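Below is one structure, written out as structure tokens, with a few remarks after it.
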Amino acid sequence: MNANIVCIPGDGIGPEIVAEAKKVLNKVAEKYGHEFVFEDVLMGGASIDAYGVPLTDETIAKAKAADAVLMGSIGGDAKTSPWYKLEPSKRPEAGLLGIRKALNLFANLRPAVLYEELAAACPLKTEISSKGFDMMIMRELTGGLYFGERKTYEENGETKAVDTLVYSESEIRRIAIKAFDIAMKRRKKVTSVDKANVLDSSRLWRKVTEEVAKDYPEVTLENMLVDNAAMQLVKDPAQFDVILTENMFGDILSDEASMVTGSIGMLASASLNDTKFGLYEPSGGSAPDIAGKGIANPIATILSAAMMLRFTFDLDKEAQDIEDAVKKVLADGFRTIDIMPQDEEGKAKVTQIETKEMGDKICERL
Ligand code: IPM
Ligand code: MG
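In this text, residue positions in the sequence shown follow my numbering: the first is 1312, and each later residue adds one.
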């Protein structure tokens, strides 16, 4: 197949990790006789530097015209970068939120899997981690607090700030349907996370989710309050299959879930709309502290490229091939610094490698 992929390398470690994902996609193309044409565009800080804004109409148009988008990361060090002297709507993050909205990417899939080979990097007690876990966090991505009205204003001599959390039935229904569809291909359990003991938006979330569940008699639906979910993720992560939740809760819980896998550098993500189109990016950030050093873990981006092959191009075999190659590299004992074991005994069994070598070793195993 022929496909046009727009790449947004972005800021920080973004360009380094995207380069490795492209390398892997090219290797897959060579092996299976596909052709992937890549075009790089700017977004986030890189776009601010070039055009004065974090997201241009041209970038949106190019992304829309592409078959899929592969992204690295955006943003810089909030203390030192000049981007953070700009007002919030002109900062790098506004670019990311803008493109999610412009492309209607309402369904964010963040798989969190504990690899056997990385069990030593898991911060949980062995009796918990030894059970393993494999969950899919489905985060609603274009509604809620992120996109509600907000303002900062003066009243009675003090400053006040307000953010609003709005969800419509249709917004909840479309993400719930995606979550149940995905659960049907997995272990058939959906845990819908909300704060229905306090929030109206959560009560609506629960009502609509329960309605959708009626169309999926094979899937078990469980409702869980978000504070409890945060606790259960470290107490017994193996209980989760699909976690369905709103934008802000999903942002927080997906970082937590990533850390129990050992490193956020391992976590892929897909942001999908109603069509086959998607934007694929690692769940982690731009890590400005290690940018340019060549030591970032490219695996999350490479696994995001595998998600692209699966969800946008229906190339399941090729996607599986990449996932297997990643597992092989880990089994062969190669680690980037973020997934190095902490104790001397563990360190003696593995070899620390850099970003580019990780990409090469994955390609070799394809
Ligand atoms: C993420 C990030 C973004 C979010 C930031 C950079 C705006 O944390 O993709 O999880 O909150 O969605
Ligand atoms: Mg986040």
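Glycine included, every Cβ here is placed at the ideal spot set by N, Cα and C.
Nothing here was measured: the structure is a model prediction, and the numbers come from that model.
Within the same chain, Cβ atoms closer than 6 Å to the Cβ of Val1477 are found at Gly1459, the five residues on either side in sequence being excluded. Straight across, the Cα-Cα distance linking Gly1589 with Asp1360 is about 26 Å.
The beta carbons of Val1519 and Ala1494 sit about 16 Å from each other, so the pair does not count as a contact at 8 Å. A distance of 9 Å or more separates the beta carbons of Ile1633 and Ala1611. Minimum Cα-Cα distance from Ala1642 among the listed residues Met1669, Glu1466, Gly1325 corresponds to Met1669. By the Cβ-count criterion, Thr1572 is buried, with 16 or more other Cβ atoms from all chains shown falling within 10 Å of its own Cβ. Under the 10 Å beta carbon count, Met1542 is surrounded by fewer than 16 other beta carbons and is classified as exposed. The three-state secondary structure of Thr1531, taken from DSSP, is strand. At a Cβ-Cβ threshold of 9 Å, Leu1578 and Ser1597 do not count as neighbours. DSSP places Tyr1464 in the uninterrupted beta strand (DSSP E) bounded by 1461-1466. Closest in C-alpha terms to Glu1428, from the list Ile1648, Val1637, Phe1622, comes Val1637. Between the C-alpha atoms of Arg1646 and Leu1614 there is a straight-line separation of about 15 Å.
Taking a C-beta distance under 9 Å as the contact criterion, Gly1561 and Arg1450 qualify as a contact pair.
The beta carbon of Gln1550 sits closer than 6 Å to no other beta carbon from its chain once the five residues preceding and following it are set aside. Taking the C-beta atoms as reference points, Ile1673 is found no nearer than 9 Å to Val1424. Taking the C-beta atoms as reference points, Ser1574 is found no nearer than 9 Å to Leu1532. A check of alpha carbon separations from Lys1500 across Glu1480, Met1447, Asp1511 identifies Met1447 as the nearest. In this structure, the CA atom of Val1661 is about 36 Å from the CA atom of Gly1356. Relative to the ligand MG, the beta carbon of Ser1582 is positioned no closer than 8 Å to any heavy atom.
DSSP places Phe1444 outside both helix and strand once states are collapsed to three, so it counts as coil. Between the C-alpha atoms of Asp1351 and Ile1316 there is a straight-line separation of about 9 Å. A distance filter of 5 Å between CB atoms and the heavy atoms of the ligand IPM selects the following residues in sequence order: Glu1404, Asp1562. For Ser1594, the shortest separation between its Cβ and any heavy atom of the ligand MG lies below 8 Å. Around the C-beta of Tyr1457, 16 or more other C-beta atoms lie within 10 Å, and the residue is accordingly described as buried. The criterion of a C-beta distance shorter than 9 Å is not satisfied by Ala1607 and Tyr1591. Following the DSSP letters along the chain, one finds Pro1403 inside the alpha helix (DSSP H) bounded by residues 1403-1413.
Leu1435 carries a coil assignment under DSSP once its states are collapsed to helix, strand and coil.
DSSP places Glu1675 inside the alpha helix (DSSP H), whose first and last residues are 1666-1675. The secondary-structure analysis by DSSP pairs Asn1313 across a beta bridge with Glu1346. Ser1358 sits in a helix when the DSSP states are folded into three classes.
Exposure of Gly1363 is indicated by the presence of fewer than 16 other C-beta atoms within 10 angstroms of its C-beta. Here DSSP, grouped into helix, strand and coil, assigns Tyr1591 to strand.
Under the DSSP assignment, Met1570 falls in the alpha helix (DSSP H) whose first and last residues are 1558-1571. Nearest in C-alpha terms to Gly1455, of all of Ala1430, Tyr1426, Phe1444, Ile1486, is Ile1486. For secondary structure counted as the alpha helix (DSSP H) over 4 or more consecutive residues, the region 1588-1671 holds these complete runs in sequence order: 1610-1622, 1627-1642, 1655-1659. Taking 8 Å as the cut-off, one finds no heavy atom of the ligand MG near enough to the beta carbon of Ser1358.
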